[in-house]
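Written out below as structure tokens is the structure these notes cover.
Residue numbers (this note's numbering), protein chains in the order written: chain R, 1 to 186; chain S, 187 to 331.
Next up, the structure:
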């Protein structure tokens with residue numbers, strides 16, 4: 001077990017990538033580009049639609065990491081509902097269609113400096129720490145629905161139930177927040 | 187697969203979300219950037235779970251919990267943004283300055299958008315000269331504070 005866990009990437013160079021790595025890299029480039037467009041575009045609705053591309057790309061990355069159940073949950077919840085909620089939010093706050101020149105705040109250079117600094121530091125640390133670490137994807141699927149369901153309902157039942165209560169409380173809170181103005185108008 | 191690929195992708199996505207949170211002005215775009223940051227964390231959790239072959243599958247369980255919490259967060263966040271928009275007529279986070287300044291009373295929030303964007307700091311609130319004719323309301327507001 002421990003030899004399998006700490007399997008070093010001996011014989012696996014970065015210059016001879018496997019097919020999965022090439023696919024991961026290409027989808028990762030698309031995902032990162034979509035994320036960058038999401039945070040930089042001036043058109044608010046386009047930002048939400050590029051967010052769909054970024055989140056879908058992450059779902060494909062989950063599939064490549066053999067976490068099937070997480071991938072479909074990602075598609076269902078993020079692409080299916082969160083982006084729709086964001087689009088409804090944009091619609092109900094009367095977001096302008098087309099380019100809005102004040103989409104970016106005044107502290108944009110500071111934000112860029114912070115983000116680039118954090119990215120450089122974290123990439124350096126992560127590459128230095130994990131450049132010899134190899135994920136063995138050939139030993140069966142890690143995140144199939146059977147495996148995920150079994151672990152979720154055998155070991156994680158109590159957090160699962162607590163989280164369902166939290167989700168219910170959040171939904172009730174959202175409804176209460178949204179109803180407040182309607183009662184005042186009456 | 188090298189663990190460095192998903193780890194570096196997660197770092198890049200997280201920093202993209204960080205830039206978005208700091209640089210965006212619309213509150214809904216800030217929420218989108220928060221979603222990007224949460225997704226970067228999820229990618230890290232899944233990658234490390236698959237690498238470590240955890241028997242409890244803690245990474246994937248935590249990813250599911252994070253997705254549920256993100257759904258709750260986006261619901262509450264959008265409700266708050268809608269409420270703010272109804273009360274203020276704007277969803278720009280730069281103009282929500284109640285903790286820094288008293289709110290403009292009877293003033294159209296469209297008027298002081300540039301003033302709020304440029305005049306952010308306790309030091310330069312005192313009048314800087316005749317070139318600040320656009321934000322006449324701000325020293326008056328500070329006197330009432």
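Just so it is clear, CB atoms sit at the ideal spot from N, CA and C, and this is done for glycine as well. Please read all numbers here as calculations on a predicted model, not as lab measurements.
> In chain order, which continuous runs of the alpha helix (DSSP H) of length 4 or greater are located wholly inside the stretch 18 to 53 of chain R?
Replying inline: 19 to 40
> Curious, which full-length alpha helix (DSSP H) runs of at least 4 residues does the stretch 197 to 268 of chain S contain?
Replying inline: 213 to 238
> What residue from S/247, S/226, S/192, S/278 has the CA that sits closest to residue 201 of chain S's CA?
Replying inline: S/226
> Straight-line CA distance for residue 269 of chain S to residue 260 of chain S?
Replying inline: 14 Å
>> Quick check on this structure: which residue in S/197, S/239, S/265 has the alpha carbon closest to the alpha carbon of residue 230 of chain S?
In response: S/197
> When we look at the beta-carbon of residue 273 of chain S and count the other beta-carbons within 10 Å, is it buried (16 or more) or exposed?
Replying inline: exposed
>> Determine, for residue 144 of chain R, whether the minimum Cβ-Cβ distance to residues of chain S falls below 8 Å.
In response: no
>> Quick check on the DSSP output: the alpha helix (DSSP H) that includes residue 66 of chain R runs from which residue to which?
In response: Here residue 66 of chain R belongs to no alpha helix (DSSP H), and DSSP marks it neither H nor E.
> Nearest CA to the CA of residue 65 of chain R: which residue from R/175, R/154, R/134, R/164?
Replying inline: R/134
>> Can you find the residues in the same chain that come closer than 6 Å, C-beta to C-beta, to residue 57 of chain R, ignoring five residues on each side of it along the sequence?
In response: 27, 30, 31
>> Which residues of the stretch 59 to 81 of chain R have a Cβ closer than 8 Å to any Cβ of chain S? Give them in chain order.
In response: 61, 62, 64, 65, 66, 67, 69, 70, 73, 74, 77, 78, 81
> For the alpha helix (DSSP H) that contains residue 151 of chain R, what are its first and last residues?
Replying inline: 145 to 154
> Assuming residue 252 of chain S contacts residue 224 of chain S under a Cβ cut-off of 8 Å, what Cβ separation, rounded to an integer in Å, is found between them?
Replying inline: 6 Å
> According to the neighbour-count rule (16 or more other Cβ atoms, all chains shown, within 10 Å of its Cβ), is residue 156 of chain R buried or exposed?
Replying inline: buried
> By how many angstroms is the C-alpha of residue 138 of chain R removed from the C-alpha of residue 91 of chain R?
Replying inline: 46 Å
> So, does the CB of residue 235 of chain S fall closer than 8 Å to a CB anywhere in chain R?
Replying inline: yes
> Is DSSP giving residue 102 of chain R helix, strand or coil here?
Replying inline: coil
> Among S/266, S/211, S/205, S/207, which has the Cα closest to the Cα of residue 102 of chain R?
Replying inline: S/211
> Residues bridged to residue 128 of chain R by DSSP?
Replying inline: Residue 128 of chain R pairs with nothing; no bridge assigned.
>> Would residue 285 of chain S pass as an interface residue toward chain R - the criterion being a Cβ-Cβ separation below 8 Å?
In response: no
> For residue 233 of chain S versus residue 193 of chain S, is the C-beta distance shorter than 8 Å?
Replying inline: yes
> Buried or exposed: which applies to residue 124 of chain R, given that a residue is buried once 16 or more other Cβ atoms fall within 10 Å of its Cβ?
Replying inline: exposed
> Does any C-beta atom of chain R lie closer than 8 Å to the C-beta of residue 227 of chain S?
Replying inline: no
>> Run through chain R and tell me which residues come within less than 7 Å of residue 282 of chain S, C-beta to C-beta.
In response: Here the premise fails: no neighbours, minimum Cβ distance about 12 Å.
>> According to DSSP, residue 134 of chain R sits in a beta bridge with which residue or residues?
In response: S/188
> Expressed to the nearest angstrom, what Euclidean distance is found between the alpha-carbon atoms of residue 37 of chain R and residue 277 of chain S?
Replying inline: 21 Å
> Residues of chain S with a CB under 7 Å from the CB of residue 46 of chain R: which are they?
Replying inline: The premise fails here: residue 46 of chain R is roughly 11 Å from chain S at the closest Cβ pair, so nothing lies under 7 Å.
> Of all the CB atoms in chain R, is at least one closer than 8 Å to the CB of residue 239 of chain S?
Replying inline: yes
> Are the beta-carbon atoms belonging to residue 246 of chain S and residue 67 of chain R less than 8 Å from one another?
Replying inline: yes
> Distance, Cα to Cα, residue 98 of chain R vs residue 265 of chain S?
Replying inline: 24 Å
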